[in-house]
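Trainee: Here's a structure for you.
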Amino acid sequence: MRKVAITGFFTLSMMLSFTASNASANANGIVVDGNYNDWNGQYQKVQANSDAQRNVGIWADQNNIYFYMDSAPDFEYNNQGNDNSTYLTTDFTIQVGGQSYVVGSGRGFMDQQIRQFEASPTNSRATFDLKYWVYNTANHYTPQVVGKAIATHVVKGNRVDNIFEATIPIKALGITAIPENTTISISNPAIWRGSVAINYAGAPTGPWVLVGIGITFALMGLFWQQRHTKNRKPINMVMQHA
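Here the sequence shown stands for residues -25 to -1, 1 to 217, where the numbers follow mature numbering (1 follows the signal peptide of the UniProt record, and there is no 0).
So this is what it looks like as C-alpha cells:
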C-alpha cells in the first residue's frame, strides 16, 4: 500500500508540474516572434477595397489579444496594383464584446519610419509600437503605447509583400478579463471589407481536466490496493508424500 501511495503521489506531482506550465500558455500556440506559421488555419481571406485579397487573423487568450495580416499573400503571381503595404499607419478597430478599441502605429513621425521600412529594396524586419487612440480630458488624443507589432518586408524580383503580427495585453486596453463566449473582432474599413471575428471560449481548461483524471486514478489505485489486501486470504501449502 505504501508503495502504491508513493507511486500515486509521484505520478500526481509529475502531472501537476507538467500542467502548471501549460495552463497559462496560449491555447492556440500563437507566439508573436515574426514566424507566421502558427497562424496557418487561423486567418480568414478578406477582400480589399481594391481587387486585392488579404489574410487577416485575430486570436485571444486570458492575457492578450493577437492579430495578423498578410497584405498580399499571392504577391508572387499578382502584384495587386501594389496594394501591399503594412497599413500600420491606419487605424485597426478591435471590438471586445461590443466595446471598440482603435489601435495603430501611425500618425506623426512613425508614419515616415513605416514608409521607409515598406520601401526597402531588400528583405527586412522591424518592430513598431502599437498605440491606443483613446480620448480623455488629460491628454486628449495623445496615444498610449499598448503593444508591439513585428513586421516583415518580403522582396522577390520587382514584387513585394508586407506581413505583420501583433500582441496587446488586455490590461493595457483597460480590460480586466474577457468573459467566456465573448465575440472579438477586428476591422479596418480603409483596407478591407467587413470584419474578422472569433468567439472567445475562455481560458484553457484541458490541463486541469488532466489533473482531475490523475487524482481520480491515484485514489482508485489506493482503494483497490486496500480492498485487495483486506480480502486476500493466506494460502496453505499442502505437501503430498508418496
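No residue lacks a Cβ here, since even glycine has one placed at the ideal position from N, Cα and C.
If you follow the beta strand (DSSP E) that Gln37 is part of, which residue opens it and which one closes it?
Mentor: For this step, residue 37 is matched to residue 62 along the sequence shown. No beta strand (DSSP E) contains Gln37, which DSSP labels as neither H nor E.
Trainee: Exposed or buried, which one is Tyr76 when buried takes at least 16 other CB atoms within 10 Å?
Mentor: Position 101 of the sequence shown, counted from the first residue, corresponds to residue 76. When all chains shown are included, Tyr76 counts as buried.
Trainee: Could you give the distance in angstroms between the alpha-carbon of Ile150 and the alpha-carbon of Val78?
Mentor: By one-based count along the sequence shown, residue 150 stands at place 175. By one-based count along the sequence shown, residue 78 stands at place 103. Taking the straight line joining both Cα atoms gives about 15 Å.
Trainee: Determine the direct distance from the alpha carbon of Asn163 to that of Asn23, and round the result to whole angstroms.
Mentor: Reading the sequence shown from its first residue, position 48 is the one you call residue 23. Reading the sequence shown from its first residue, position 188 is the one you call residue 163. Rather than Asn, the amino acid found at residue 23 in this sequence is Ala. So the two alpha carbons sit approximately 10 Å from each other.
Trainee: Can you say whether Thr142 is buried or exposed, counting buried as having 16 or more other CB atoms within 10 angstroms of its CB?
Mentor: One-based indexing of the sequence shown puts residue 142 at position 167. With 16 or more other Cβ atoms within 10 Å, it is buried.
Trainee: Helix or strand or just coil, what does DSSP make of Gly73?
Mentor: The sequence position of residue 73 within the sequence shown is 98, counting from 1. Three-state result, Gly73: coil.
Trainee: Please state whether the Cβ-Cβ distance between Ile153 and Tyr175 is less than 7 Å.
Mentor: Within the sequence shown, the letter at position 178 stands for residue 153. Within the sequence shown, the letter at position 200 stands for residue 175. Yes, they are a contact pair.
Trainee: Where Glu140 and Gly9 are concerned, what is the direct C-alpha to C-alpha distance, given to the nearest angstrom?
Mentor: Taking the first residue of the sequence shown as 1, we reach residue 140 at position 165. Taking the first residue of the sequence shown as 1, we reach residue 9 at position 34. The alpha-carbon atoms of Glu140 and Gly9 are separated by roughly 7 Å.
Trainee: Locate the beta strand (DSSP E) running through Gln19, then write down its first and last residues.
Mentor: Numbered from 1 along the sequence shown, position 44 holds the residue referred to as residue 19. Taken as a continuous stretch (DSSP letters only), the beta strand (DSSP E) holding Gln19 covers 19 to 22.
Trainee: With 16 as the cutoff for other CB atoms within 10 Å, does Gly4 come out buried or exposed?
Mentor: Within the sequence shown, residue 4 is the residue found at index 29, counting from 1. Exposed: under 16 other Cβ atoms inside 10 Å.
Trainee: Would Ala147 pass as a contact of Val129 if the rule is Cβ separation under 7 Å?
Mentor: As a working note, residue 147 is residue 172 in the sequence shown. As a working note, residue 129 is residue 154 in the sequence shown. Their beta carbons are not under 7 Å apart, which means Ala147 does not touch Val129 by this criterion.
Trainee: Below 6 Å CB to CB, which residues in the same chain sit around Asp45 once its five sequence neighbours on both sides are set aside?
Mentor: Position 70 of the sequence shown, counted from the first residue, corresponds to residue 45. Counting only Cβ-Cβ distances below 6 Å, and skipping sequence neighbours, we find Asn30, Ile138.
Trainee: With distances taken from CA atoms, which of Ser99, Val171, Gly177, Ile166 is nearest Asn57?
Mentor: On the sequence shown, residue 57 is found 82 positions in, with the first residue counted as 1. Asn57 has its Cα closest to that of Ile166, out of Ser99, Val171, Gly177, Ile166.
Trainee: Check each candidate in Ser99, Ser95, Gln119 and name the one with the smallest Cα separation from Ser80.
Mentor: By one-based count along the sequence shown, residue 80 stands at place 105. The candidate whose alpha carbon is nearest that of Ser80 is Gln119.
Trainee: Can you give me the C-alpha to C-alpha distance between Pro144 and Phe50, rounded to a whole angstrom?
Mentor: As a position in the sequence shown, residue 144 is number 169, starting the count at 1. As a position in the sequence shown, residue 50 is number 75, starting the count at 1. Rounded to whole angstroms, Pro144 to Phe50 spans 32 Å at the Cα level.
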